[in-house]
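Numbering (the numbering used here), first residue to last: 2 to 151. Note that CB positions come from ideal geometry on N, CA and C, so glycine has one too. One structure below.
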């Protein structure tokens, strides 16, 4: 496992643990009369980081869900062709998500949006999401057009 992949996986895992911890503390706080103000905003940030990085790792590792009932019955040539088509369609899908997200980010860039309670910069979160979406698109295009080692 490369150092970059390890760092990305650890960052996503820590973000997921942070979301769980923040939410648990928030629930306990509400029940004992000490609400954790801004917990929802912090959980949103942690889930964004964990979710986007999980998508990136799954894409790079080619470990997205497959219907093996179908794939295992195909010839090797058909399977390789279907893998390329799948990667290309995935790239189109994530490129569409990226285009919409970039459009929103460009439209709201000068808005200096921040969350109401904690002051999380939504600009930074959109930028993070867009960078990861672009990396996913590039990974899928690489899978679609690069020869795969046997």
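Look at the alpha carbon of residue i and the alpha carbon of residue j, and state the distance between them as a whole number of angstroms.
{"i": "residue 89", "j": "residue 102", "result": "20 Å"}
{"i": "residue 85", "j": "residue 3", "result": "24 Å"}
{"i": "residue 87", "j": "residue 146", "result": "11 Å"}
{"i": "residue 43", "j": "residue 13", "result": "15 Å"}
{"i": "residue 41", "j": "residue 99", "result": "25 Å"}
{"i": "residue 16", "j": "residue 69", "result": "31 Å"}
{"i": "residue 5", "j": "residue 138", "result": "18 Å"}
{"i": "residue 127", "j": "residue 67", "result": "29 Å"}
{"i": "residue 7", "j": "residue 135", "result": "20 Å"}
{"i": "residue 120", "j": "residue 77", "result": "53 Å"}
{"i": "residue 11", "j": "residue 140", "result": "20 Å"}
{"i": "residue 112", "j": "residue 105", "result": "11 Å"}
Ordered along the chain, which non-local residues of its own chain (more than five positions away) have a Cβ less than 8 Å from that of residue i?
{"i": "residue 123", "result": "109, 114, 115 and 116"}
{"i": "residue 75", "result": "83"}
{"i": "residue 72", "result": "80 and 83"}
{"i": "residue 94", "result": "none"}
If I measure Cβ to Cβ from residue i and keep anything under 6 Å in the same chain, skipping five residues before and after, which residues do I get?
{"i": "residue 142", "result": "92"}
{"i": "residue 51", "result": "13, 16 and 17"}
{"i": "residue 39", "result": "118 and 119"}
{"i": "residue 144", "result": "88"}
Residue i and residue j look like a contact to me (Cβ under 8 Å); what is the Cβ gap, rounded to whole Å?
{"i": "residue 1", "j": "residue 58", "result": "Lying before the first or after the last residue shown, residue 1 is absent from the chain, which here runs from 2 to 151."}
{"i": "residue 130", "j": "residue 53", "result": "6 Å"}
Identify, in the order they occur along the chain, each residue of the same chain with its Cβ nearer than 7 Å to the Cβ of residue i, setting aside the five sequence neighbours on each side.
{"i": "residue 55", "result": "13"}
{"i": "residue 37", "result": "26, 27 and 30"}
{"i": "residue 96", "result": "138"}
**Asked** Just checking, does the segment 58 to 74 make contact with the segment 30 to 37 on the three C-beta pairs under 8 Å criterion?
**Response** At 8 Å Cβ cutoff, the stretches do not touch.
**Asked** Would you call the segment 43 to 50 and the segment 17 to 29 touching, i.e. three or more CB-CB distances under 8 Å?
**Response** Of all C-beta pairs linking the segment 43 to 50 to the segment 17 to 29, three or more are shorter than 8 Å, placing the two stretches in contact.
**Item:** alpha helix (DSSP H) runs contained entirely in the segment 39 to 70, provided each spans 4 or more residues
**Value:** DSSP runs (the alpha helix (DSSP H)) wholly in the segment 39 to 70: 40 to 61.
**Request:** Run through the segment 57 to 135 for me and flag every whole alpha helix (DSSP H) of 4 or more residues, listed as ranges in chain order.
**Result:** Whole alpha helix (DSSP H) segments, 4+ residues: 69 to 72 and 77 to 109.
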